[in-house]
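Remarks on the structure that follows.
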Amino acid sequence: MSNNYFRLFRLALLVNLFGLFAGCGGASSPDTDNIPAVEHFNLQRYMGKWYEIARLPNRFERNVADAQADYSLQDDGTVKVINQGIKKHINVSVSGIAKTTGISGLGELEVSFFPPFYSLYKIIYLNSDYTLAIVTSSTMDHLWILSRKPIISRQELAQCLELLKKWGFAIKLLQYPSGMVESLAAAP
31 MSNNYFRLFR LALLVNLFGL FAGCGGASSP DTDNIPAVEH FNLQRYMGKW
81 YEIARLPNRF ERNVADAQAD YSLQDDGTVK VINQGIKKHI NVSVSGIAKT
131 TGISGLGELE VSFFPPFYSL YKIIYLNSDY TLAIVTSSTM DHLWILSRKP
181 IISRQELAQC LELLKKWGFA IKLLQYPSGM VESLAAAP
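Per our numbering: the sequence shown ends with 218, consecutive numbering throughout.
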């Protein structure tokens, strides 16, 4: 009986994973091939804590507020990824792994939270002091504005929104973590 239960569980898991990945790569969303990743990217400087300032809606962050990502370089050259936030007043986190795509100096990583499946993590904007970034994937339905600080200035947000508009992202759909809009209204 337990063998049958285990087989059924594995089958259900595979069906759900297939549905998840089929939904992520569908033809309904344009790809980001025409948007270049940043060049002269220094992986070591990118390590550390990043706060999510804004994102396009996605299934895996539904109802998550105060999202943060922490990246740490491992001895084998991979990057440990810890994403965390608050969902229904409970701290939640998920760990993953990222690796470079093999092109030196290009702001592209492959990230996985469900090995062996990897997704593109494409940094399309990064300021010179590595404190503000825009990240997407292989399609335009995944997008994050990240900062080393939990709050950014109106000017920084306007700069990011202008770039996103130029690239064709649906900026009207952007979601802001709880408190971000109020903080932004009070920002200088």
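The beta carbon of each residue, even a glycine, is placed where N, CA and C say it ideally should be.
Remember, it's a predicted structure, so these values are computed and weren't measured experimentally.
For residue j and residue i, believed in contact at Cβ under 8 Å, the rounded distance
i, j, result
"Leu193", "Ile153", "At roughly 12 Å, the Cβ-Cβ gap does not stay under 8 Å, so Leu193 and Ile153 are not in contact."
"Met170", "Gly132", "The Cβ separation is near 24 Å, so there is no contact."
"Glu138", "Lys129", "The pair is not a contact, with the Cβ atoms about 10 Å apart (cut-off 8 Å)."
"Asp100", "Lys117", "Not quite, the Cβ-Cβ distance comes to about 17 Å (not below 8 Å), so this is no contact."
Proximity below 8 Å, CB of residue i to CB of residue j
i, j, result
"Tyr160", "Arg75", "yes"
"Ala126", "Val94", "The residue you asked about is not Ala; residue 126 is Gly in the sequence shown. Contact: no."
"Glu82", "Leu136", "no"
"Ser168", "Thr62", "yes"
"Asn64", "His172", "no"
For residue i, the first and last residue of its enclosing beta strand (DSSP E)
i, result
"Glu91", "It is not in any beta strand (DSSP E) - Glu91 carries neither H nor E in the DSSP assignment."
"Ala163", "162-166"
"Tyr151", "147-156"
"Leu139", "138-144"
Distance between residue j and residue i (C-alpha atoms, nearest Å)
i, j, result
"Phe147", "Ser123", "19 Å"
"Gln185", "Leu162", "12 Å"
"Phe90", "Asp105", "29 Å"
"Ile112", "Lys196", "31 Å"
"Lys202", "Ser59", "16 Å"
"Ala97", "Leu176", "10 Å"
"Phe71", "Ser183", "24 Å"
"Met77", "Thr108", "11 Å"
"Leu191", "Ser158", "18 Å"
"Arg178", "Ala188", "17 Å"
"Pro66", "Thr166", "11 Å"
"Arg92", "Pro145", "22 Å"
"Leu38", "Ser142", "Only weak support exists for where Leu38 lies, its pLDDT of 33 falling under 50; the value from the coordinates is given anyway. Rounded to whole angstroms, Leu38 to Ser142 spans 25 Å at the Cα level."
"Tyr151", "His119", "28 Å"
Delimiting residues of the alpha helix (DSSP H) encompassing residue i
i, result
"Gln185", "184-197"
"Gln104", "Careful: Gln104 lies outside any alpha helix (DSSP H) and carries neither H nor E."
"Gln74", "73-76"
Per DSSP, cross-strand counterpart(s) of residue i
i, result
"Ser177", "Tyr81, Leu162"
"Lys118", "For Lys118, which the question treats as bridged, DSSP gives no partner whatsoever."
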